[in-house]
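Worksheet: the structure to be examined is printed underneath.
In the working numbering, the protein residues as written are 38 to 410.
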């Protein structure tokens, strides 16, 4: 129920933005189905593992279709007044087809998020079978584009989340000493984030050889002299996060130090390139060229960054990626993790969550990027 803290005006703004997107695409309605997008639009996540569309028509009010089991929670948490239900998987599409027919959309033009693992091929084909005159159009990129640009209320949430992230990273720094385990340091970080008001800590830590294993879980690995370490973590506020990567070495670790120096310079290059009017591909190229000149092109295995906000914005978010043509705009927020992995040496990471301002990029956490020793 965290999203209840956003104002009615903010939630109405989101619905209006989706409706404007329908008009922009020449559609009669848009069905928002991806769980994270449903949460952003309504204040609740709908029906987990089940079809739970929010139909936003150009003319009329939105309607949220959910499994009957989830109805009371959705009504309590959600900000969309009209809620309809279905019983189980076998009648979910029947309920969806009836909702569209009742809204006069059985032969309309509707936008679907087709690049979405919450919406199966069977769902779409069964909907088409029931409504053969329905014209379906792909609008997978619409809500991610809307979510990338933050409102004033969302930016307040992002700044508070960034403060909680800063508390966690400071606890990471304070907890590093020979003999400390990953689990111990992460517990210390979570305590700091929760103490600052976060409900949880996103992300974790890795020490030693474990730094070369992407997204590995923390364990009993303990720091020793010459070991690298890094964290990728975020605190939360109202479901919004502002992630940060920082790295450390115990004593000296020349190979890891060189990796971190390249990662840090790449983040500096992102800060210089990330501004209104830049393309996502140009920002990626600015960072990637720094890493490649340092001789670590093969160690950079992912995109430069991604739009971040509500729970990191998920699979369909806007990315700072090679060849990207999307245009950066003021009000967008991006996490820019430069994680360089050299097998047998280390994995080292540096990042910021940046707010794109009218003239450039503002790092929200306010922490220096020095290698922690």
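Here a beta-carbon is modelled for each residue, glycine too, at the ideal position from N, C-alpha and C.
Which whole-angstrom value is the C-beta distance of residue 255 and residue 223, which I expect to be below 8 Å? 5 Å
Per DSSP, residue 310 is paired with what? Answer is none; residue 310 lacks a bridge partner.
Should the segment 165–177 be regarded as contacting the segment 241–250, the criterion being three or more beta carbon pairs within less than 8 Å? no
At 3 residues or longer, what runs of the beta strand (DSSP E) sit wholly inside the segment 325–369? 342–344
In the DSSP assignment, what are the bridge partners of residue 99? Note: residue 99 sits in no beta bridge, so no partner.
If you count every other CB in all the chains shown that lies within 10 Å of the CB of residue 191, and 16 or more means buried, which is it? buried
For residue 44, does the count of other Cβ atoms within 10 angstroms reach 16, so buried, or fall short, so exposed? exposed
Would a C-beta distance cut-off of 7 Å place residue 296 and residue 337 closer than the cut-off? no
Leaving out five residues before and five after residue 57 in sequence, what residues of the same chain have Cβ atoms less than 7 Å from its Cβ? none
Which listed residue (274, 276, 270) has its alpha carbon closest to that of residue 283: 270
Are residue 123 and residue 198 close, meaning C-beta to C-beta below 7 Å? no
Find out if the Cβ-Cβ distance for the pair residue 386, residue 277 is shorter than 7 Å. no
Exposed unless 16 or more other CB atoms sit within 10 angstroms - verdict on residue 61: exposed
If we call anything under 7 Å between Cβ atoms a contact, is residue 396 one with residue 304? no
Beta-carbon proximity of residue 401 to residue 233, cut-off 7 Å: no
Which class does residue 399 belong to by DSSP, given the choice of helix, strand or coil? strand
Simplified DSSP assignment, three categories, for residue 71: coil
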